[in-house]
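Everything below concerns the one structure shown next.
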Amino acid sequence: MGFYFRKSINLGLFRINFSKSGIGISFGIKGLRVSKNAKGTTTLSAGKNGLYYTKTLSSKKKKTKPKD
Numbered sequence: 001m002g003f004y005f006r007k008s009i010n011l012g013l014f015r016i017n018f019s020k021s022g023i024g025i026s027f028g029i030k031g032l033r034v035s036k037n038a039k040g041t042t043t044l045s046a047g048k049n050g051l052y053y054t055k056t057l058s059s060k061k062k063k064t065k066p067k068d
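With the working numbering applied, the sequence shown covers 1 to 68.
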């Protein structure tokens, strides 16, 4: 497991997250949050007291060109 740095600004129900890859946003309450990061991945996080569940709802994937 590697170390990472996250800086965020809390605006009530919204949180703006700053990372090396860009700016992301999340919305929710303590224990339930929906996030969209700078790479376009949307996640749903739920839990408290150290036990969390995270599900990726959508992700941008690079389209590849078919081989001839």
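Just so it is clear, CB atoms sit at the ideal spot from N, CA and C, and this is done for glycine as well.
Everything numeric in this text was worked out from a predicted model, so none of it was measured.
Check, Outcome
"From 38, 20, 37 and 31, pick the residue whose C-alpha is nearest to that of residue 53; which is it?", "31"
"Short check: CB of residue 28 to CB of residue 51, under 8 Å?", "no"
"Give the range of the beta strand (DSSP E) segment to which residue 20 is assigned.", "Careful: residue 20 lies outside any beta strand (DSSP E) and carries neither H nor E."
"From 10, 37 and 19, pick the residue whose C-alpha is nearest to that of residue 57; which is it?", "37"
"Under a three-way DSSP split, which group does residue 39 fall into?", "coil"
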